[in-house]
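Structure, rendered in structure tokens:
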């Protein structure tokens, strides 16, 4: 899949396909239509009202609100955001592991591990669960966590709990898909060797599959946790707890100096987690 | 040990990899399989180690017909067969000790297998096996830090730990430095002689096969061309085996020259 | 030497995470018992029955269709704007062009010149960081505040936020580019712009395209959601449906979101396969 740029372009110029032209055509078409549909009007940005608002906004941000009373409100909100991200990601993993395993064709129905199975068993016990798992993962990850969040708020009430569920489901879908991709990329030959020696399926998983897949799985999961922190912060907009609730409040009250404090806090937290997870990932992937 | 009766293997794309092979291998025998690439030797081995299922024909291991085995019995049967592949037997990221102890997976409980990953159980067994193959110092090294020849030895150590009745070696030395190939082949052969384990080996090098095995089976186009002792194999027979595969002959000849120093004599037909 | 060496780090990290999980579990009031128990299940079941069947009347389908097209347009233009913002800024954060590396080995920059260049680098990097850190939805609130409701603020919000994200990714690509062609071009006396065009970009562009297409997948999801704060598309209509407790309409809109997201995901991976 990774061909060098020169090899690719040489191929493109040699083949007389209409693809490049079609692509450019559709691109320009989409561009023109989108500009109309999205009511793009750059002039709006430069109207006096807008510029005045911009001024108000920037002036309103400084000095940032650093009073003790505000920070004491922020503290618990921040803690809640982090906690939501942790449990949400954990839930996502718990969902993603079984679904991701099922959604891996080389483990369920295709390839050397299934040579001996009769076709009927392969399709019923292998392909069918595979298809179902893929479908579920697709639904989970194609609906934004924000949408899941307000559905869960409707279903179980306000607070951090719907936030956790929303992240769990949406990120579960994303993690599951990536897990299955990692598992598909695992070298099946050591697995074949283990099976030939009479190992149980669990034995093959522990000694053949996990050692190959685990580093990438951990690395990606940590990366997703980082994204989850940002996502959890936002979910508060729909009442799912955390910093988002406070941001919405402050924006609505035009307290921009509060907003900038919250954003700064969020930045520091995400940057630290980024640093920490980066170090862990570097060690793990070795 | 093994009985094959008109075994055929046809793949889903229609290709016939094994075409009515009938042969018997007794316990404790050492047999070498030679023949051009694509002749079906690897497929035959995968049928023998129960990875693949024959399309037709009967296959018996230790007198038991293999196709009627339940999943559990199949696993038991596989425990009795130790396989060494040309490459990629082992998981690179794991330490050597874990790869070697993986030979126990057929008899350890899942809990023990898991515990061993945390803290290796029965380490002495692994140490002894590595000692037998000549690399005891590599116990705690990461497997992908070893050379190809060393990794093959780790694979052999794993088979030792597994302690099967049969050893199947599918081109174990084709990806290994030629100077090491001889030591690995003789290691396996001596192992078989001392322990009475049946040894079946696929070999690319005719010279190695003829020099070290009392029984040679030539496979061509999925069929057995001959099944003889080395001194009964004429140059014409070898020529017929490799007809149309000139490259293999040249390779085999080069190997022959390399081995000439170590006292292996039998020259190849020109 | 005989014992298998092990470092304590994996265990420390693992323990740390377990503690983090336990602490978080207590804090989020996650009551799995409630969720899986009869009360929780009946709550969810009640809600699910309210959602079905989806409202498939002509008016609703039109609304969903318009919203879907708007959302697509927002994500498309937003991604383009992001590339337009990211590209120049990322070049300005390429230290190997500005003041470091092969190109500057021979001639030494005056302290003033170097100072200015470092300043440019710093400013561009800070700007990208700022753009990245502010979540899309906050950007959307800001732009709605500035230019009013509708899909346009959504485009701007996605453009600036994603611009920051892509800018950082582009910058990494530019800095990691193979230095040899650069060195070769430099020795022919080519100016920096030519080196950029002939040496760096041909290596970097496939990766740029890949990142941009991937971000489009993220953006379609974001675009669907930004409408919640007034930035148009399906999100705006979803907000209406939720506020008015029109669950059947909500389901229709969610289905529309699913269709759009799947479409863009497919387009993105198909294009990535073809072009890279």
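Protein chains in written order, with my numbering: chain A, 1 to 286; chain B, 1 to 270; chain C, 1 to 276.
Don't be surprised by glycine CBs; every beta carbon is placed ideally from N, CA and C.
Quick caveat, the model's predicted, so the values are computed rather than measured.
Determine whether the Cβ of residue i lies closer than 8 Å to any Cβ atom of chain A.
{"i": "residue 145 of chain C", "result": "yes"}
{"i": "residue 151 of chain B", "result": "no"}
{"i": "residue 19 of chain C", "result": "no"}
{"i": "residue 210 of chain B", "result": "no"}
{"i": "residue 266 of chain C", "result": "no"}
{"i": "residue 43 of chain C", "result": "yes"}
{"i": "residue 81 of chain B", "result": "yes"}
{"i": "residue 74 of chain C", "result": "yes"}
{"i": "residue 114 of chain B", "result": "yes"}
{"i": "residue 51 of chain B", "result": "yes"}
{"i": "residue 70 of chain C", "result": "yes"}
{"i": "residue 78 of chain B", "result": "yes"}
{"i": "residue 103 of chain B", "result": "yes"}
{"i": "residue 187 of chain B", "result": "no"}
{"i": "residue 75 of chain B", "result": "yes"}
{"i": "residue 117 of chain B", "result": "yes"}
Measure how close the beta-carbons of residue i and residue j come, nearest whole angstrom, since I'm counting them as under 8 Å.
{"i": "residue 220 of chain C", "j": "residue 159 of chain C", "result": "The pair is not a contact, with the Cβ atoms about 14 Å apart (cut-off 8 Å)."}
{"i": "residue 89 of chain A", "j": "residue 171 of chain A", "result": "6 Å"}
{"i": "residue 229 of chain A", "j": "residue 270 of chain A", "result": "6 Å"}
{"i": "residue 200 of chain A", "j": "residue 105 of chain B", "result": "7 Å"}
{"i": "residue 202 of chain C", "j": "residue 276 of chain C", "result": "Incorrect: roughly 13 Å between the Cβ atoms, too far for contact."}
{"i": "residue 199 of chain C", "j": "residue 185 of chain C", "result": "5 Å"}
{"i": "residue 269 of chain C", "j": "residue 216 of chain C", "result": "Rounded, the Cβ-Cβ distance is 11 Å, inconsistent with contact."}
Just curious, the beta strand (DSSP E) that residue i is in, first and last residue?
{"i": "residue 24 of chain B", "result": "16-25"}
{"i": "residue 170 of chain B", "result": "166-170"}
{"i": "residue 53 of chain B", "result": "Looking at the DSSP string, residue 53 of chain B is not in any beta strand (DSSP E), and its letter there is neither H nor E."}
{"i": "residue 74 of chain C", "result": "Unbroken run through residue 74 of chain C is the alpha helix (DSSP H), 58-92; no beta strand (DSSP E)."}
{"i": "residue 32 of chain B", "result": "30-34"}
{"i": "residue 237 of chain C", "result": "That residue, residue 237 of chain C, is in no beta strand (DSSP E); its alpha helix (DSSP H) goes 233-243."}
{"i": "residue 218 of chain B", "result": "215-220"}
Can you name the start and end residues of the alpha helix (DSSP H) that residue i belongs to?
{"i": "residue 226 of chain B", "result": "Run containing residue 226 of chain B: none in the alpha helix (DSSP H); it sits in the beta strand (DSSP E), 223-228."}
{"i": "residue 177 of chain A", "result": "160-184"}
{"i": "residue 1 of chain B", "result": "Careful: residue 1 of chain B lies outside any alpha helix (DSSP H) and carries neither H nor E."}
{"i": "residue 271 of chain B", "result": "Residue 271 of chain B lies beyond the residue range present for chain B, which begins at 1 and ends at 270; the question has no answer from this structure."}
{"i": "residue 19 of chain A", "result": "19-37"}
{"i": "residue 147 of chain C", "result": "136-147"}
{"i": "residue 190 of chain A", "result": "188-196"}
{"i": "residue 242 of chain B", "result": "Residue 242 of chain B -> no alpha helix (DSSP H), and no H or E assigned at all."}
{"i": "residue 9 of chain C", "result": "9-27"}
{"i": "residue 133 of chain A", "result": "128-142"}
{"i": "residue 205 of chain A", "result": "From DSSP, residue 205 of chain A is part of no alpha helix (DSSP H); its letter is neither H nor E."}
{"i": "residue 104 of chain A", "result": "First-last for residue 104 of chain A: undefined, no H or E at that position."}
{"i": "residue 143 of chain B", "result": "Where residue 143 of chain B is concerned, there is no enclosing alpha helix (DSSP H), given that its DSSP letter is neither H nor E."}
{"i": "residue 151 of chain C", "result": "151-175"}
{"i": "residue 190 of chain B", "result": "178-195"}
Can you say whether residue i is buried or exposed, counting buried as having 16 or more other CB atoms within 10 angstroms of its CB?
{"i": "residue 83 of chain A", "result": "buried"}
{"i": "residue 67 of chain B", "result": "exposed"}
{"i": "residue 139 of chain A", "result": "exposed"}
{"i": "residue 4 of chain A", "result": "Any answer about residue 4 of chain A is weak, because its pLDDT of 43 lies below 50 and its placement is not dependable; what the coordinates show is given next. Under this definition residue 4 of chain A is an exposed residue."}
{"i": "residue 198 of chain B", "result": "buried"}
{"i": "residue 130 of chain A", "result": "buried"}
{"i": "residue 167 of chain C", "result": "buried"}
At the 8 Å Cβ level, is residue i part of the contact set with chain B, yes or no?
{"i": "residue 252 of chain A", "result": "no"}
{"i": "residue 207 of chain A", "result": "yes"}
{"i": "residue 198 of chain A", "result": "yes"}
{"i": "residue 138 of chain A", "result": "no"}
{"i": "residue 194 of chain A", "result": "yes"}
Does any residue of chain F bring its CB to less than 8 Å from the CB of residue i?
{"i": "residue 220 of chain A", "result": "Included in the structure are the protein chains A, B and C, with no chain F among them."}
Taking only beta-carbon atoms, is residue i less than 8 Å away from chain C?
{"i": "residue 83 of chain A", "result": "yes"}
{"i": "residue 292 of chain A", "result": "Given a span of 1 to 286 for chain A in the structure shown, any question on residue 292 of chain A remains unanswerable."}
{"i": "residue 280 of chain A", "result": "yes"}
{"i": "residue 230 of chain A", "result": "yes"}
{"i": "residue 224 of chain A", "result": "no"}
At 3 residues or longer, what runs of the beta strand (DSSP E) sit wholly inside the stretch 67-126 of chain B?
81-84
What are the uninterrupted segments assigned as alpha helix (DSSP H) that are 4 or more residues long and contained completely in the stretch 38-90 of chain A, given in chain order?
43-46, 48-61
Ignoring anything shorter than 4 residues or poking outside the stretch 183-207 of chain C, list the alpha helix (DSSP H) runs there in chain order.
192-195
What are the uninterrupted segments assigned as beta strand (DSSP E) that are 3 or more residues long and contained completely in the stretch 238-283 of chain A, given in chain order?
none
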